[in-house]
Amino acid sequence: MEVQGRIKMVGETQTFGSNGFRKREIVVTTEEQYPQHIMVEFVQDKTDLLNSYQVGQQVKININLRGREWVNPQGETKYFNSIQGWRIEAVQSEASGENLPPVPPADAFEPAGDLKEDDHDDLPF
1 MEVQGRIKMV GETQTFGSNG FRKREIVVTT EEQYPQHIMV EFVQDKTDLL
51 NSYQVGQQVK ININLRGREW VNPQGETKYF NSIQGWRIEA VQSEASGENL
101 PPVPPADAFE PAGDLKEDDH DDLPF
């Protein structure tokens, strides 16, 4: 699965516990009729993937949905979801496509006039 949008926030790397668990969060705002602010977390060595990204940049993030179950001290079962990123890449804006040469209309080309009726079946296979 993937999420695509513009970076709204890139958090600092957080370290937890004596085992050195690392987590870093990024918020991406989707660009659709009803934009969503999606928080994606990168963990352990994946936190370094965010080093070269900045607020305002257009990105695509490959994600995994994670769910877990927790039973509180009163015996109630609770469920939690998280969105974990494992790859991020910059997306070129559509404006960069404006540098491409325009495609001429089909009627700008003249039809080939030197075709012979006998040449219609000269395929090499």
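Going by this note's numbering, the sequence shown opens with residue 1, and the numbers climb by one from there.
Glycine included, C-beta positions come from ideal geometry on N, C-alpha and C.
Here the structure is a predicted model, which is why all the values come from computation and not from measurement.
Residue i: buried (16+ other C-beta within 10 angstroms of its C-beta) or exposed?
| i | result |
| --- | --- |
| Thr47 | buried |
| Val71 | exposed |
| Val59 | buried |
| Arg24 | buried |
| Val91 | exposed |
| Leu65 | exposed |
| Phe21 | exposed |
| Val28 | buried |
| Val40 | buried |
| Phe42 | buried |
| Gly17 | exposed |
In the DSSP output, which residue or residues are listed as bridge partners for residue i?
| i | result |
| --- | --- |
| Ser82 | Arg66 |
| Val55 | In the DSSP output, where bridge partners are listed per residue, Val55 has none listed. |
| Met1 | The partner list for Met1 (beta bridge, DSSP) is empty, contrary to what the question assumes. |
| Thr47 | None; Thr47 has no bridge partner. |
| Lys60 | Gln4, Glu89 |
Ends of the beta strand (DSSP E) at residue i?
| i | result |
| --- | --- |
| Gln92 | From DSSP, Gln92 is part of no beta strand (DSSP E); its letter is neither H nor E. |
| Thr29 | 21-29 |
| Thr15 | 14-16 |
| Glu41 | 37-43 |
Is it the case that the CB of residue i approaches a heavy atom of the ligand MN more closely than 6 Å?
| i | result |
| --- | --- |
| Trp86 | For the structure depicted, the ligand MN is absent and the ligand set is empty, with no information on it obtainable. |
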